[in-house]
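Heads up, the thing below is written out as structure tokens.
Numbering (the numbering used here), first residue to last: 1010 to 1160.
So this is what it looks like as structure tokens:
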């Protein structure tokens, strides 16, 4: 039940709306660049996690993989009547549960290049909030996190 309280404190943990289960580039028959981008983003996140674990024995690491698209981004879904709806969006989450090196993937944040400045500001805010929230956590009081987020 950590997610609800974390979601209130840190909006990135509360993924409102629809998560995508696939991303594709329209009007192309070439290589699936979106899949390659998702794989690259996930592999980079895992490599960073492994690198951080080698440096520090006990620590908290938050890694948020991101894909920036230089173009339009659309989401499509079926409405309650079963009709296809296509909406232009500036950002979204791609559910990418692939397993690599025994680690299961995550949600990848997908954002358009035009929304990148807003994304950067939000990422900086998230970083500040995480630092504030966990600044006093160490290996001796790690279990105190349970008390902070108990519903």
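Beta carbons are placed, not taken as given, at the ideal position from N, Cα and C, and that holds for glycine. Every value quoted in this text rests on a predicted model; they were computed, and no experiment measured them.
Considering only DSSP beta bridges, list what residue 1028 is partnered with.
Counted from its first residue, the chain shown places residue 1028 at position 19. Residue 1028 pairs with 1102.
Please state if the CB of residue 1137 and the CB of residue 1100 are separated by a distance shorter than 7 Å.
Counting from 1 along the chain shown, the entry for residue 1100 is found at position 91. Counting from 1 along the chain shown, the entry for residue 1137 is found at position 128. In this structure, residue 1137 does not lie closer than 7 Å to residue 1100 by Cβ.
So, does the segment 1082-1100 touch the segment 1046-1053, judging by three or more C-beta pairs under 8 Å?
no
How would you write the range of the alpha helix (DSSP H) that residue 1069 sits in, first residue to last?
Along the chain shown, one-based indexing puts residue 1069 at 60. It is not in any alpha helix (DSSP H) - residue 1069 carries neither H nor E in the DSSP assignment.
Residue range of the alpha helix (DSSP H) that residue 1049 falls in?
Numbered from 1 along the chain shown, position 40 holds the residue referred to as residue 1049. Residue 1049 -> alpha helix (DSSP H) spans 1042-1064.
Please report the straight-line C-alpha distance between residue 1081 and residue 1119, rounded to a whole angstrom.
Residue numbering aside, residue 1081 sits at position 72 when the chain shown is read from its first letter. Residue numbering aside, residue 1119 sits at position 110 when the chain shown is read from its first letter. Approximately 11 Å between the Cα atoms of the pair.
Take the Cβ of residue 1031 as the centre, count every other Cβ of all protein chains shown within 10 Å, and call the residue buried at 16 or more, exposed below.
Position 22 of the chain shown holds residue 1031. Counting Cβ neighbours within 10 Å, residue 1031 comes out exposed, since fewer than 16 surround it.
Where do the N-terminal and C-terminal ends of the beta strand (DSSP E) with residue 1090 fall, by residue?
Numbered from its first residue, the chain shown carries residue 1090 at position 81. Segment: none, residue 1090 is in no beta strand (DSSP E) and carries neither H nor E.
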